[in-house]
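Its first residue numbered 1, the sequence shown is counted upward by one per residue in the UniProt record's numbering. Cβ coordinates follow ideal geometry from the N, Cα and C atoms, glycine included. Remember, it's a predicted structure, so these values are computed and weren't measured experimentally. Beneath this line is the structure, given in structure tokens, with notes to follow.
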Amino acid sequence: MSEKLQLKADLTLEKAVEMVRHSEQIKGQVNQQAKADTGDATFLSEVTHSCTCDCRDAAALSEVRHNVRAAPSQQHRGRERARGGGGPQAPGQRDGSAAESKCFRCGRDHRSNTLCAARQAKCRNCHKIGHFAAVCRSARVNEITRRERLDENYNEGHFLGEIKTIHLHVTDSNKPWTVKLNICGTSVSFKIDTGADASVISEDTYHRLNSSPQLSSAHTVFDSPGGRLNCLGLFTATTKYKGQSFRFNIHVMETTNGSNLLGRDVAVAMGLVRKMEEVRSTFGTDLGLLKIKPVKIHLQDDAVPYSVSTARRVSAPLLSKVEIELDRMLKCNVIEEITEPTEWCAPIVPVPKKNGEVRICVDLKRLNMAVKRERFVLPTIDDILPRLAESRVFSLLDAASGFWQIPLERGTAKLTTFITPVGRFFFKRLPFGISSAPEIFQREMSVLFRGQEGVEVYMDDILVHGRDDKEHEERLQNALRILKSAGLKLNNEKCFLRQRQLSYLGYQIGGDGIQPDPSKVAAITELQPPTDVPGLRRFLGMVHYLGRFLPNLSDVIKPLNDLLRSETVWTWDTAQDNAFNKVKQLISTTPSLAFYDVTKPTVVSADASSYGLGGVLLQRHSDGLKPIAFCSRSLTEAEMRYAQIEKECLAAVWSCERFSTYLYGLDNFTVHTDHKPLVPLINNKDLDRVPLRCQRLLMRMMKFNPIAEYVPGKTLTVADMLSRQPLPVITSEVSELTYDVSVFEDAAHMAWPMSPSKLERIKQETSVDYDLQVVKRLILEGWPKYVGSVPAQAKAYHHCSNSLSTSKGLVLYGDRIVIPHSMRKEILHRLHDGHQGITKCKERARLSVWWPGQGKDIQELVTKCLECMRVRPTQQKEPLITTPLPQRPWQSIGADICEYEKEHYLVVVDFYSRYLELAHLPDMKSETICSRLKNMFARWGCPDELTTDNATQFTSKEFEGFSVAYDFRHITSSPHYPQANGGAERAVQTAKRILRQDNPFLALMAYRATPVQATGASPAQLMMGRQIKTTVPTIGKVLLPKWPNFAKVRAADAKAKRSYGHAYNRRHGARALPPLTPGQDVAVKLDGDSGWTSAATVQQPHPAPRSYLIQTEHGTLRRNRRHLRPIFLPGVADQPPPPSSTPQPTPLGSPVRGAASPNEESVSPAQGTVPADLSDSPPGSARMSSTGRVIWTPRRLKDFVCY
């Protein structure tokens, strides 16, 4: 019905509905008649079961049903006799009274069935009782030896796919399938037509038969794409094919120049064609799984894990397609989702495909650097080609997603973990892009076909060959059986079966033997003669490079060398033309052209000119590099607009793809380029940090293992010459490559988070931005070799020239838009929408926009934002400054007040020995504190320094007079910053623990007698030079006076404090804050405050490096640097003034209130502090950025003087 509808030129919906309904009514009536006629149904069943042939074909079964229905039932015959009718029709008759009087049992004329002799007779044909063989209806479904009954239902029309010969230019691979059969003693060539419902021959062919059989009437309608055909009749033919006999009907058409068609049913019965469902177990689009032990990925011993914690952004239009592709890979059991932490995690790049779907490309470059290769020995061309010498028929098989059919061992599968915007996954099958995948696949295929004659395996190419059709077919079927049992599926679109000629490993193999592939040297043989002296010099440079081992080369090229003489006028004549052609022949054949050897080091030399690409494949022999193959092509119009680095990248990628037969699966090979910026792009740069078009090109190179190497342009003679005289571009060859790049480029444009109107405005502003126009010209024409030659307008872009490109009127940095000057301020404020911090604004900028100094501009904007200042958190802690160990006991002490159970105690600690003194305070008067200190000073003497906090008891006039009277320097720590008096604060904790004991005096004695871990000696020993006697039994010798080794004590103390500082800085992420300068506006926030709401002005630095005197609305205050944050008020200069020098500390012994504490003393940069004036700091220590950020020189440069 579908075919009939397609042949209606004036088909409408109403007509189609009417025809379908009519057909359904007819089928319904036929079904009802079949159910009512039980006798016929029984007979049909008997005929079907008695058929010795394979009546699987629907057409054969349809005809059997038709023949059965042609015989009326007993009741029907009775009614016919009542009307004067007779028995059943004789075979071959449709109507007529003579036929009606014949008996259906014996074929004779008699009135009564009871008198028929055939009622009890046994048929010699079907061996059933009740009829003779002459009228046996089963004869039409029996075979001679293995016969198929293939007649179609005469009441239905036939459709022919083709009847008229159309002359087309065809190759061996797409010629029509034909078969020659012996019909009536004449060899007739039939075209196998799976679209034909019947077998037909032309009238001319019928008349050429040796014995033309008599034609029977054919009440059948024949339709074809050209219209309705006239059938002259049909005859039944018997023929043999491959030793088996077949009987089928042949219709004769009223045409003289038509093709002879072998119908679909006959072709199937003869085994000439098979349905794809029958071979789906080997061919198909579904994914197979090799029945092998899961393979492992081995890592090198010094492998360093690489993990990406954030997924690369994916545009909204592509995100849904990425999810669909991930779901498909999950359903195919290729990947599995993972939530646990993994040491290795790679990013992805989605690549759009022609059908609208996406391909997930995992960037496994870092993992490949750590993979330990298996070094599987690949077969060489010398091993394979001799076995193909006598073969004439070939089939090339290709595995469907071959790597994905190899299971991956679960323990190493997590090495392939990759992160996407919707989660993390890892491969359960061998992934594409892993460097060891080709050799693993080669190893498994070699094991699978080991010992199989006529099967050659080279990577993913499985070649089956034979000397004739029979041998090839046996080997092909054997190979397919092996693949089926192994579980491997083939891609039928990339398989070439039963070919007479194939291109394999750079050679043309066929019935005429093995010949080198002409495309290998087409770039040389099709070179056009040079038209000027520079062109001739380039050609001769290539000739000397390639033909240096050819004998008598100088004699051959003498006519060409003569043109280089200064006194010679350029004349290209017959002698030059002959020499030119002769030298092309010499360098494109052996011995100049070498045979490929997989064991030798391989080099791909590629170059790009402004209009062409050139490449040459070379291998290193004992006497130097020798060429294997050449390639060149012209650039398309779109490719000519590429940036120079994109052209060079295109040349390298295209050359590798042209030579993929030789390069795929190699452990590594070298790519020679004269464009130095291309080297890091290929070797180690992440994909998202290279120019947009280069991203897609490098993805195509992921299946190879190249190592880029820079060589001077003067040594790249061959590739340079080929790129300047390229072959014409072949549209079909580069269409896929050009399409991939353009689609990827469009997808990147769609990913930019901006409206089309904003994008168009950026294009317009870019076109009038003079600096960007200069940059654009340099991108297209190439950057100068030296920075000094770069125009002033483009100097800011020179450091990132390798990442710059142009696309559709825009200048791009990677895949980000370079914003013109006129729009940078606007875009800068758009980035700060929502008042996000510096890091967030930079992350947002990395999505789509860039310009030189962007990070600095963002930092300056966020720093100046008053709204952000108010809600900013407390500043990070600064590096710990430990108290230096004094030179002697009781030289420097610290004091603080401790409250325990509503009682107050004065706690005093010696910074040298950690000796602790406790005194009860009946009140909190300054006089009482001074009295307790006088008592202690009477025992131990007056100290040089006493450090306290800023409590009123310590800042009173009375305490100031006490310090003067007892000649010690009083130092106070920063207000609201107790960490500055850390030694006294730690002593308070120890005092509280002692006071909680039942016997505090015994606990205090035990503390004084116990060695301190930092010094290795007890406080009493360091204080008095002896151990004190305690309740613990001790021999008298230990109690004798003995001073410890002060050098060891000092070294142990320094080591412990370094450990304290390292742990503190690491735990708190401590970082030095830049110094402040007088007159600088700052915001003030104590640790307990909710925000930076108070404004102040720096008056001057306090003698302590981390303390400043500031002027507020409440007067002059002293605050620690951590409580002060620089702000930039409107009207104030954008940049802060340069820092001033560090003020000199007050001389020792001066009783100055508020002097610097020991914890705040200036130390060297190596101790973790920042000099107040970085301009005066020693070379190589630190420098300050324009925004006040301190930049430390890396430790690796500590032995160098940096300016």
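In its own chain, which residues sit with a C-beta less than 7 angstroms from the C-beta of residue i, not counting the 5 before and 5 after it?
i	result
F539	P530, M721
D460	D398, A399, G402, F441
V543	I557, V583, I587
L319	P421
A413	F426, F427, K428
L181	V188, F190, T239, Y241
Just grab the DSSP bridge partners of residue i for me.
i	result
E945	S892, R969
Q1100	L1109
W1043	Per DSSP, none; premise fails for W1043.
V393	G466
W850	V818
H920	Y905
T420	G423
T1116	Q1111
E323	DSSP output for E323 lists no bridge partner at all.
If you reduce the DSSP assignment to three classes, tell me which class residue i lands in.
i	result
M702	helix
R872	coil
residue 1277	The shown model of the chain, from 1 to 1203, leaves out residue 1277, and the question about it has no answer.
Q829	In the sequence as presented, Gln is not what sits at residue 829; that position holds His. Three-state DSSP puts H829 in a helix.
M459	coil
G233	strand
H621	strand
R83	Model confidence at R83 stands at a pLDDT of 38, short of 50, so the residue's coordinates are unreliable and nothing is read from them.
Y915	coil
L502	strand
E18	helix
C126	coil
E709	strand
I524	helix
T928	helix
S566	coil
F496	strand
residue 1204	No answer is possible for residue 1204: it lies beyond the span of the chain, which begins at 1 and ends at 1203.
I348	strand
G614	strand
C841	helix
P379	coil
I360	strand
L810	strand
Could you name the residues of the same chain whose beta carbon sits closer than 8 angstroms to that of residue i, not counting the 5 residues immediately before and after it, in chain order?
i	result
T1116	Q1099, L1109, I1110
R761	M823
R1153	Confidence at R1153 is low in this model, with a pLDDT of 37, below 50, so the placement of that residue should be treated as unreliable; the coordinate-derived value is given next. Excluding residues within five positions, the ones whose Cβ falls inside 8 angstroms are T955, E960, H970, T972.
Who are the near neighbours of residue i in its chain, counting only those whose CB is closer than 6 angstroms to its CB and skipping five residues on each side?
i	result
F954	T948
I440	V295
W783	S801
T186	L209, N210
P601	R620
Self-check item: Length-filtered (3 minimum) beta strand (DSSP E) runs lying within the segment 950-1025
Solution: 969-972
Exercise. Identify every run of the alpha helix (DSSP H) within the segment 637-680, keeping only runs that are complete inside it and at least 4 residues long; order them along the chain.
Key: For the segment 637-680, whole alpha helix (DSSP H) runs of length 4 or above, ordered along the chain, are 644-658, 660-663.
Exercise. Inspect the CB distances between the segment 764-780 and the segment 794-801 and report whether three or more fall short of 8 angstroms.
Key: yes
Exercise. For the segment 182-267, list the beta strand (DSSP E) runs that are entirely contained and at least 3 residues long, ordered along the chain.
Key: 186-192, 199-202, 222-224, 227-229, 231-241, 244-253
Quiz item: When the Cβ atoms of the segment 494-511 are set against those of the segment 559-574, are three or more pairs found closer than 8 angstroms?
Solution: no
Quiz item: Taking contact to mean at least 3 C-beta pairs separated by less than 8 angstroms, is the segment 851-858 in contact with the segment 802-810?
Solution: no
Quiz item: Are the segment 1083-1093 and the segment 1042-1062 touching by the rule of at least three beta carbon pairs closer than 8 angstroms?
Solution: Contact between the segment 1083-1093 and the segment 1042-1062 is absent, because fewer than three Cβ pairs lie under 8 angstroms.
Practice problem: Could you say if the segment 696-708 and the segment 662-672 meet the contact criterion of at least three C-beta pairs nearer than 8 angstroms? | Solution: Short answer: they touch.
Exercise. Could you tell me which uninterrupted beta strand (DSSP E) segments, each at least 3 residues in length, are contained entirely in the segment 568-611, listed from first to last along the chain?
Key: Fully enclosed beta strand (DSSP E) runs of 3 or longer: 602-608.
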